[in-house]
Amino acid sequence: MIDGKKCIGILTSGGDAPGMNAAIRSAVRTALYNDMVPVGIIRGYNGLLEKNYRIMDSPSVSNILKKGGTILFTARCKEFYEEKYRKIAYQNAVEIGLDGLVVIGGDGSYNGASYLSQLGLPCIGIPGTIDNDIACTEYTIGYDTAMNTVLELMDKLNDTSQSHHRCTVVEVMGRHAGHMALCTGVACGAAAIVTEEEPMDINEMCEAIFYARSRGKHHFIIVVSEGVGETDKIARDIESLTGIDTRAAILGHVQRGGSPTLRDRVMASEMGNYAVHLLANGKGNRVVAMKDGKITDFDIQEALKMHKGLDMELYRVMQEIV
Ligand code: F6P
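Those letters in the sequence shown? Residues 1157 to 1478, by my numbering.
Structure representation (structure tokens):
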């Protein structure tokens, strides 16, 4: 409690994602609307370890809806793997006066939220990652913006690839998940999409290129999910096996930046609001999710056990329309 009012901490953790600011804004404004005190924790769980925080008011989140990154900063906090530090973080949260905590991040961040909930601080996770790899939810904040960024870059690569009758091997982010590779690959008309879930060896990639050529294509985009790795080598091997001039393009962290799309802003606003209402209703150890197009919530531990596969129907469609 702070000044006799329920106090809600908010932090962003793990890799940043466009739309995190919209979620922060929503959580802050929802807390204020419901007569609670919002507290921004700086640099993820590190802020709890260092007692680095600031009390938020409405102007503190003005004009951040359209901003990429996170105004609270973020980090991957290695100390949180150790119980000793989780206890320090919990103790600091009590001393700050936190009654609950909203954690915006990927599933790595949910472990921390679950530990703190077990220690007695109710925590709610909000899915924020460009990878869309959190199994309990159909959608994670940042995914749409990142995919649109990738698509814009792929369209540009496609222009130059087409002009030179080249093959371009494009590596997109996604850690060990191929969702972004699949969707952006379909959207840019890729000749093949290579993911950890649906791997292809170099001969299969070349066959896909020859197939596309037999249908009249003279330039080829091969999308490779980052978990597959060896993008430069794949490009070199394609060139030597097919004789087609080939380039590699590793898109990298540019995919995580930029102003969030409408979809990310709306989703983040809804999820931020939902998370604070869960805490206001005495819930903890939950993660906000989108299921069948509706916002809902799951127990964090149950959510972490779930598995999310690639959209195989979309994969099938891609194979038929090369
Ligand atoms: O989880 C988001 C993500 O961008 C992944 O796609 C990628 O594997 C990872 O983060 C990169 O992490 P870092 O920014 O710490 O290098």
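Beta carbons are placed, not taken as given, at the ideal position from N, Cα and C, and that holds for glycine.
As the structure is a prediction and not an experimental result, all values here were calculated from the model.
Looking at the secondary structure, which residues open and close the alpha helix (DSSP H) in which I1365 lies?
In the DSSP assignment, I1365 falls within the alpha helix (DSSP H) that extends over I1358 to S1370.
Give me the residue from E1469, R1472 and G1408 with the minimum Cα distance to G1383.
When only C-alpha atoms are compared, the closest one is G1408.
Consult DSSP for V1478 and reduce its assignment to one of helix, strand or coil.
Residue state, collapsed to three classes: coil.
By Cβ distance below 7 Å, which residues in the same chain neighbour T1387 in space, the five residues on each side in sequence not counted?
Excluding five sequence positions before and after T1387, the CB atoms of its chain that fall closer than 7 Å to its own CB belong to V1325, E1327, V1380, A1404 and I1406, given in chain order.
Grouping DSSP H, G and I as helix and E and B as strand, with all else coil, what is G1261?
Strand.
Could you pull the start and end residues of the alpha helix (DSSP H) that K1447 belongs to?
That residue, K1447, is in no alpha helix (DSSP H); its beta strand (DSSP E) goes R1442 to K1447.
Beta bridge counterpart(s) of A1405 as assigned by DSSP
Paired residues: V1326.
Quick one: Cα of G1440 to Cα of G1372, how far?
Taken atom to atom, the span from the alpha-carbon of G1440 to that of G1372 is near 57 Å.
For the beta strand (DSSP E) that A1291 lies in, which residues bound it at each end?
Per DSSP, A1291 is not a residue of any beta strand (DSSP E), being assigned neither H nor E.
Which class does A1481 belong to by DSSP, given the choice of helix, strand or coil?
An answer regarding residue 1481 cannot be provided, because it is not within the stretch 1157 to 1478 covered by the chain.
Taking only heavy atoms of ligand 1 into account, decide whether any of them is closer than 7 Å to the Cβ of E1382.
Correct: E1382 has its Cβ closer than 7 Å to ligand 1.
Collapsed DSSP secondary structure at T1230 in the structure displayed:
In the structure shown, T1230 sits in coil (DSSP, three-state: anything other than H, G, I, E or B).
Whole-number beta carbon distance between D1420 and I1297, since they are thought to touch under 8 Å:
Rounded, the Cβ-Cβ distance is 6 Å, consistent with contact.
Using a Cβ-Cβ cutoff of less than 8 Å, which residues in the same chain neighbour T1398 once the five nearest sequence positions on both sides are dropped?
Closer than 8 Å at Cβ, skipping near neighbours: C1323, C1362, I1365 and F1366.
Cβ-heavy atom distance, R1232 to ligand 1, below 7 Å
The closest heavy atom of ligand 1 lies less than 7 Å from the beta carbon of R1232.
Using 7 Å as the cut-off, classify the Cβ of H1433 as near or not near the heavy atoms of ligand 1, replying yes or no.
Every heavy atom of ligand 1 is 7 Å or more from the Cβ of H1433, so no.
Nearest to V1422 (by Cα), restricted to the options Y1299, L1272 and N1202
Considering only alpha carbons, the answer is Y1299.
Under three-state DSSP, which class holds R1421?
The DSSP-derived three-state label of R1421 is helix.
Can you give the beta carbon distance from V1306 to T1340, rounded, assuming they're within the 8 Å contact cut?
About 4 Å separates the CB atoms of V1306 and T1340; that is less than 8 Å, so the two are in contact.
If we require 3 or more residues per run, which beta strand (DSSP E) segments fall completely within the segment 1162-1209?
Listed in chain order, they are 1163-1168 and 1193-1197.
N1177 classed as buried or exposed, judged by whether at least 16 other C-beta atoms fall within 10 angstroms
Under this definition N1177 is a buried residue.
Taking buried to mean at least 16 other C-beta atoms within 10 Å of its own C-beta, is V1258 buried or exposed?
That one is buried.
Heavy atom of ligand 1 less than 7 Å from the Cβ of T1285, yes or no?
Yes.
Is any heavy atom of ligand 1 found at a distance shorter than 7 Å from the C-beta of R1199?
No, Cβ of R1199 sits at least 7 Å from all heavy atoms of ligand 1.
For A1343, which residues of its own chain have a beta-carbon under 7 Å away from its beta-carbon, when the five flanking residues on both sides are left out?
Closer than 7 Å at the Cβ level, and outside the excluded window around A1343, lie L1307.
Can you give me the start and stop residues for the beta strand (DSSP E) that D1393 sits inside?
Per DSSP, D1393 lies in no beta strand (DSSP E) segment; the continuous alpha helix (DSSP H) that holds it begins and ends at T1387 to T1398.
Express the C-alpha separation of Y1237 and M1462 in angstroms, rounding to a whole number.
Taking the straight line from one Cα to the other gives about 21 Å.
Residues bridged to I1211 by DSSP?
The secondary-structure analysis by DSSP pairs I1211 across a beta bridge with V1195.
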